[in-house]
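This report concerns only the one structure given below.
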Amino acid sequence: MKDKNLTRKIAVTGIMCALALALSYLETLIPAYPGFPPGAKPGLSNIVTMFMASCAGSGYAFFITIIKGLFAGVTRGMTAMLMSLSGGILSTAAACLLFRFCKNKLGYIGIGIICAVCHNIGQLATACIISGTASLIVGYGPLLLIFAIATGFLTGTILKAVMPNLAKAVKLKK
Numbered sequence: 002m003k004d005k006n007l008t009r010k011i012a013v014t015g016i017m018c019a020l021a022l023a024l025s026y027l028e029t030l031i032p033a034y035p036g037f038p039p040g041a042k043p044g045l046s047n048i049v050t051m052f053m054a055s056c057a058g059s060g061y062a063f064f065i066t067i068i069k070g071l072f073a074g075v076t077r078g079m080t081a082m083l084m085s086l087s088g089g090i091l092s093t094a095a096a097c098l099l100f101r102f103c104k105n106k107l108g109y110i111g112i113g114i115i116c117a118v119c120h121n122i123g124q125l126a127t128a129c130i131i132s133g134t135a136s137l138i139v140g141y142g143p144l145l146l147i148f149a150i151a152t153g154f155l156t157g158t159i160l161k162a163v164m165p166n167l168a169k170a171v172k173l174k175k
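Position one of the sequence shown corresponds to residue 2 (the numbering used here), numbered consecutively onward.
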C-alpha cells in the first residue's frame, strides 16, 4: 500500500510540476501594469507549491520550487533563476511550516499572504545583493508588501476554492 501511495505522489508531482511551469511561463506573458511594481506577477504557480506543501509534504513542494527556479534560469537567465529560487525557497519553507503548525489558525488565505510576503522578501534580498544597493528595501519594499498582500490574498483564495476537489482527486497521504 505504501508503494502505491509513493507511485501516486511521484505521478502527481510530475503533473503538478508541469502545471507550475506552465503557470510560471504564462505569467511571463502578462504585460506590466501601470502602478504595479516592475516585474510584479500574481504568483499563480505558487498555488501549486502551496497545494503540494499541504497534501504531499515539504520534499515534493521544494522539488517543484527548485524545478521552477531552474526553468526560470533556462528560459530567462541567471538573474531570473536567482530571484525565483530565493523567493521560492523562502516562500515554500513558510508554506511547509505554516501548513504543519498553523493551518487551522491562518487558513489558506492567511498562508497565501504570508507566503507571498516571504517570496517578495527573498527576491528583494537577492536584488539588494546583486545590485549592491540596500536602499531598494526602503524604496521598493513597501510597494512590494502591498502587492504581496493582494497577490497572496488572490492565491490563497484560489487555493481555498480548488483544495477540496483537488485533494480528493489526487488522494495523496503524507
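We put the beta carbon where it would ideally sit given N, CA and C, even for glycine.
- Minimum Cα-Cα distance from M82 among the listed residues L20, G70, C119, C18 corresponds to G70.
- Across the structure, K172 and A54 are spaced so that their CA atoms are roughly 14 Å apart.
- Shown here, A57 sits in coil according to DSSP, grouped into three states, outside any helix or strand.
- L27 sits in a helix when the DSSP states are folded into three classes.
- Three or more beta-carbon pairs separated by less than 8 Å are not found between the region 57–76 and the region 109–118, which leaves the two stretches without contact.
- Secondary structure in the region 90–157: no beta strand (DSSP E) run of 3 residues or longer lies completely within the stretch.
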